[in-house]
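Heads up: the sequence shown begins at 27 in the working numbering, then just goes up one per residue.
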Amino acid sequence: MILSVTKIELDSYSKLIAFFKFNSQIIKELQQSNCKKHKVTGSWNLKVWYTMTLWENENEIDAFYRNGTHLEAMKQSKKFSSKIQSQRIQKEDVLPWKEAKKMFGNY
């Protein structure tokens with residue numbers, strides 16, 4: 027299994043509504059995809075967001091990321107954030123958030 031963890035730092039609060047719109051559409055598509063598990067959390071100030079998705083293999087991740095709303099979100103990502111980081115690791119289940127955030131030097 028492959029776990030994908032992404033950190034998105036919004037450039038400003040004015041980007042929050044547009045981010046929420048994309049994020050809610052992506053979550054709906056995740057629920058209809060081959061994604062095994064997913065979760066999202068934000069920071070207390072709502073400017074930093076983390077997503078975590080669990081997939082059977084790299085092909086399933088790439089098929090999802092390169093289609094639909096996620097593809098459109100990636101095309102427009104520079105309008106939301108200049109700081110997007112993502113990592114993929116071999117894992118059989120999702121991580122606790124504290125552990126996942128450590129992947130980006132947090133905590």
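Just so it is clear, CB atoms sit at the ideal spot from N, CA and C, and this is done for glycine as well.
Nonlocal neighbours in the same chain, by C-beta distance under 6 Å from residue i, ignoring five residues either side
| i | result |
| --- | --- |
| T79 | S30, C61 and H64 |
| V74 | E35 |
Residue i - partner residues in DSSP beta bridges
| i | result |
| --- | --- |
| Y76 | K33 and T67 |
| I28 | W81 and Q116 |
Backbone secondary structure at residue i - three-state DSSP
| i | result |
| --- | --- |
| D112 | Note that residue 112 is Ser in the sequence shown, not Asp. It is a strand residue. |
| K62 | coil |
| S50 | helix |
Alpha helix (DSSP H) segment containing residue i, residue limits
| i | result |
| --- | --- |
| K117 | Neither: K117 is in no alpha helix (DSSP H) and is coded neither H nor E. |
Residues of its chain near residue i, where Cβ-Cβ distance is below 8 Å and the 5 sequence neighbours each way are ignored
| i | result |
| --- | --- |
| S69 | W75 |
Chain D contact for residue i (CB, 8 Å cutoff)
| i | result |
| --- | --- |
| Y76 | This model lacks chain D altogether; it includes just one protein chain. |
Residue environment, residue i, which counts as buried when at least 16 other CB atoms sit within 10 Å
| i | result |
| --- | --- |
| I52 | buried |
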